[in-house]
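Here the structure comes first, spelled out in structure tokens, and everything after it is commentary.
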Amino acid sequence: MDAPATLSAASLRAAPRLPRDFFNRDARTVARELLGKLLVRREGRNLLAGRVVECEAYLGAEDPAAHAFAGRTERNAVLFGPPGHAYVYFIYGNHYCTNVSCMPPGNAGCVLLRALEPVLGVRTMAEARHVPIVAAPTLAQRRLISSGPGRLSQALGITRPRDNGKDLTGIGSDLWFADDSYSVAQVRTTPRIGVAKAADRPLRFIITGNPFVSGTRVL
DNA sequence: TTATAGATTGCCT
DNA sequence: GGCAATCTATAAT
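Those letters in the first sequence? Residues 1082 to 1300, per my numbering, in order.
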């Protein structure tokens, strides 16, 4: 039912990176297929990784909730560039949110990453989040690491100065998506979280039943 | 130049 | 469940 709790660094290195064509499609398609993939960060010789369990699609000119809705600005310029690049923005004075651009240049779709299940480098991610390091963390404690868009960005050290505009499909990139052939049993869609406009559109995608999805009640 | 809302989080009651 | 924190982009003077 749940994804594997851990993953070896060797198998992660063997997992193919998602190519640019993967992102050169409608944001809804990319969001759905991104579920179950791994977001990987290389910190020197150390690898950090989390499995995507929740994300949201943002469209272009036809989506009032999207940053690209009002057109190209210095802030959102990445969205209008080629697919497979990181769009990182700062929000509420405290948090970075991580997106990946979709669609060909000129089309501004993107996918916001909202929750990861930590699978490799968990201790390092917990330290980055200032989450207590304990021998046998509870589910509630593990959820604090990367369940939420601001949380997962902090866990992987993703910031706008460091990562905005980065090519996530580049060979030399220190941030990328990997496919370890994990199979997602069922995908559920819901309205997007925290948006006032176009609040009725089912553009949030989650792995049904995964406990690391944000807002999940922990018993 | 000033005001306000925001793709959030964490602490308080 | 309520709400303050804290900064940026954008709208309103």
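Note that the Cβ used here is the ideal one computed from N, Cα and C, for glycine as well.
This one's a predicted model, so the numbers in the text were calculated from it and none came from an experiment.
Supposed close pair residue i, residue j - CB separation, criterion 8 Å
{"i": "A1108", "j": "V1215", "result": "Actually they do not touch by this definition, with Cβ atoms about 38 Å apart."}
{"i": "G1302", "j": "H1166", "result": "With the chain covering only 1082 through 1300, there is no way to say anything about residue 1302."}
{"i": "L1233", "j": "L1194", "result": "6 Å"}
{"i": "A1236", "j": "I1226", "result": "5 Å"}
Residues near residue i by beta carbon distance below 6 Å, same chain, minus five either side
{"i": "R1273", "result": "E1137, L1284 and R1285"}
{"i": "V1134", "result": "A1196, E1198, I1288, N1291, F1293 and V1294"}
{"i": "A1084", "result": "With a pLDDT of 47 at A1084, under the threshold of 50, the predicted position of this residue should be treated as unreliable, though the coordinate-derived value follows. These residues qualify, in order along the chain: R1132 and E1198."}
Proximal residues to residue i (C-beta, below 7 Å), its chain only, five neighbours per side dropped
{"i": "N1127", "result": "G1202 and T1205"}
{"i": "R1098", "result": "T1250, W1257, F1258 and A1259"}
{"i": "F1150", "result": "A1142 and D1144"}
Closest residue to residue i among the options (Cα-Cα distance)
{"i": "C1183", "options": "H1211, E1114, A1090 and E1155", "result": "E1114"}
{"i": "G1117", "options": "R1282, L1088, Y1263 and V1212", "result": "Y1263"}
{"i": "G1231", "options": "L1119, R1210, D1248 and A1280", "result": "R1210"}
Check whether residue i and residue j have beta carbons under 7 Å apart
{"i": "V1276", "j": "A1091", "result": "no"}
{"i": "Y1177", "j": "T1240", "result": "yes"}
{"i": "A1096", "j": "D1255", "result": "no"}
{"i": "V1159", "j": "D1244", "result": "no"}
Bridge partners - residue i, DSSP secondary structure assignment
{"i": "N1175", "result": "None, per the DSSP bridge assignment."}
{"i": "I1287", "result": "E1135 and R1269"}
{"i": "D1248", "result": "H1166"}
Residues near residue i in its chain [Cβ-Cβ closer than 8 Å; skip 5 each side]
{"i": "V1111", "result": "F1103, F1104, A1138, V1181, C1183, G1190 and V1192"}
{"i": "R1224", "result": "P1292, F1293, T1297 and V1299"}
{"i": "M1082", "result": "Confidence at M1082 is low in this model, with a pLDDT of 44, below 50, so its placement is unreliable and the value that follows should be read with caution. Counting only Cβ-Cβ distances below 8 Å, and skipping sequence neighbours, we find A1266 and G1290."}
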